[in-house]
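Residue numbers for the sequence shown follow the working numbering, so the first one is 4 and each next one is one higher. Ideal placement from N, C-alpha and C gives every residue a C-beta, glycine not left out. Only a predicted model underlies this, so the values are computations on that prediction, with no experimental measurement involved.
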Amino acid sequence: MTLGLEQLRRCNVAVDLGAARTRVYLKDTGLVVDEPSIVALNTHTGSLIAVGSLADGMAGRTPKHIRVVRPISGGTVVDIDMAQRMLRHLVSQKLRKAWRRSPVLRAAVCIPHDSEPIAQRAAVETLTGLGARRVELVDTLIAAAVGCGLPVEQPEASMIVVCGAASTQVAVLSLGSIVAAEKVLVGGDAIDYAVVQHVRNQHELMLPTQGLHPLHLALRAVPSPESTEVRGRDVATGLSRTVRVSTAHVREAINTPLTAVLDAIGRVLRECPPDLVADLGVRGLTLAGGSAVLPGLDSMIRTGTGMPVQIAKDPDVCAVVGLGAMMEGKVEPLHLDPLEVDPS
């Protein structure tokens, strides 16, 4: 991490290309872009109609000649050209000029843990296509841990669980490096899918994307209401219909995908030395990422591991804020100088 910090301090901009949202952090300025990673495309002309929040509002509501595209999946760029066009529109002309004030634009980008070389290359090509002369790749787990304020550079255990839209990453860090880590393809999208399937099976109702919002609010409420009213499309007739859904049954439906996260945490702990696990028994773990506030996730982990669990402040932007902190020199590594050999 020491060598990485030296390179990161030369960067001008930090980017977090997430499956749900794209965030850009400008050095000495802060977070300047935080928009959904989505574009709306006219298939007849190939031109972009909308980007970010405006395109997100079009999802599921477009005619045949308009296609809504997500160029990033699971933190990996799957369509380089579309990702470049999306970033170019999200970053205003004024900001693009600020990027070029330095003779050599250097960018830092978060990548998922253990990402394939082809995925790393896609991230680099996306930013070089926008003018970056050099691109530094930083593990999302380390960036998020720094953004949460965890003492990752110290010889003590720090555990981070980054819950994204498409995947969840778990790691234990010490001395600025990852000791053990796991990645599971379960995130906010999988939780939403479990809820949609439950409502379809139990009530024969297809929920739209925005139809999940009342259920999310009900599950997070303290105390939770016994049932929640939702509106969707009847499977048989195709007509709009409203039903009342049991909050307890929905909570049971999401337990299955959440269990995969708990299993990943157990595997990571089994790979760690006992001393680090003992540290975690006192310090606990931190939840970060846009899906960290999934209802029931923190309580399930707390019950399953017996460790303290806390949700980071502003968990959705921890990764890009941590990357910005390293870029601005706010993180100092623990210097370990070689010991001199005693000639006697």
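Residue environment, residue i, which counts as buried when at least 16 other CB atoms sit within 10 Å
{"i": "I41", "result": "buried"}
{"i": "K333", "result": "exposed"}
{"i": "Y196", "result": "exposed"}
{"i": "G21", "result": "buried"}
{"i": "R270", "result": "exposed"}
{"i": "L188", "result": "exposed"}
{"i": "V253", "result": "buried"}
{"i": "E274", "result": "exposed"}
{"i": "K67", "result": "exposed"}
{"i": "R124", "result": "exposed"}
{"i": "D142", "result": "buried"}
{"i": "N15", "result": "buried"}
{"i": "I181", "result": "buried"}
{"i": "E335", "result": "exposed"}
{"i": "D31", "result": "exposed"}
Beta bridge counterpart(s) of residue i as assigned by DSSP
{"i": "S40", "result": "DSSP, once it has assigned bridges, lists no residue as partnering S40."}
{"i": "Y28", "result": "A17, L34"}
{"i": "A291", "result": "V165"}
{"i": "L90", "result": "DSSP output for L90 lists no bridge partner at all."}
{"i": "K186", "result": "Q172"}
{"i": "Q45", "result": "The amino acid at residue 45 is misidentified as Gln; the sequence shows Asn. Answer is I69."}
{"i": "E255", "result": "BP columns for E255 are empty, so no partner."}
{"i": "I181", "result": "L176"}
{"i": "E139", "result": "A111"}
Residue i, DSSP secondary structure in three states
{"i": "E232", "result": "strand"}
{"i": "D237", "result": "strand"}
{"i": "C151", "result": "coil"}
{"i": "E207", "result": "coil"}
{"i": "G332", "result": "coil"}
{"i": "D117", "result": "coil"}
{"i": "D319", "result": "helix"}
{"i": "E156", "result": "coil"}
{"i": "A110", "result": "strand"}
{"i": "D82", "result": "coil"}
{"i": "A224", "result": "coil"}
{"i": "S56", "result": "helix"}
{"i": "V296", "result": "coil"}
{"i": "S50", "result": "coil"}
{"i": "R244", "result": "strand"}
{"i": "S76", "result": "strand"}
Selection from the options that minimises the alpha carbon distance to residue i
{"i": "R24", "options": "G293, E229, P277, V280", "result": "G293"}
{"i": "S243", "options": "L208, L283, E128", "result": "L208"}
{"i": "D84", "options": "L130, L108, I114", "result": "L130"}
{"i": "S76", "options": "R70, S170, G152, R234", "result": "S170"}
{"i": "R203", "options": "E185, A111, L176, G241", "result": "G241"}
{"i": "V320", "options": "Y28, H68, P154", "result": "Y28"}
{"i": "C151", "options": "A322, M330, E331, G132", "result": "A322"}
{"i": "R305", "options": "A174, L283, A148, V324", "result": "L283"}
{"i": "D278", "options": "A315, V198, S177, V155", "result": "S177"}
{"i": "T126", "options": "E156, D82, A168, L144", "result": "The identity of residue 126 in the sequence shown is Ala, whereas the question assumes Thr. Answer by Cα proximity: D82."}
{"i": "A111", "options": "R223, L11, A193, L300", "result": "L11"}
{"i": "D389", "options": "P115, L108, H216, V225", "result": "Nothing about residue 389 can be read from this structure; the chain reaches only from 4 to 347."}
{"i": "G191", "options": "P260, P120, G327, G63", "result": "P260"}
{"i": "L108", "options": "Q157, V138, P276", "result": "V138"}
{"i": "L93", "options": "D301, L34, M61, V198", "result": "L34"}
is_contact[residue i, chain E] using C-beta, thresh 8 Å
{"i": "R305", "result": "Protein chain content of the structure displayed is limited to a single chain, and chain E is not contained in it."}
Would you call the stretch 198-215 and the stretch 309-319 in contact, with 3 or more CB pairs under 8 Å? no
contact_flag[the stretch 150-170, the stretch 272-289] where n(CB pairs < 8 Å) is 3 or more: yes
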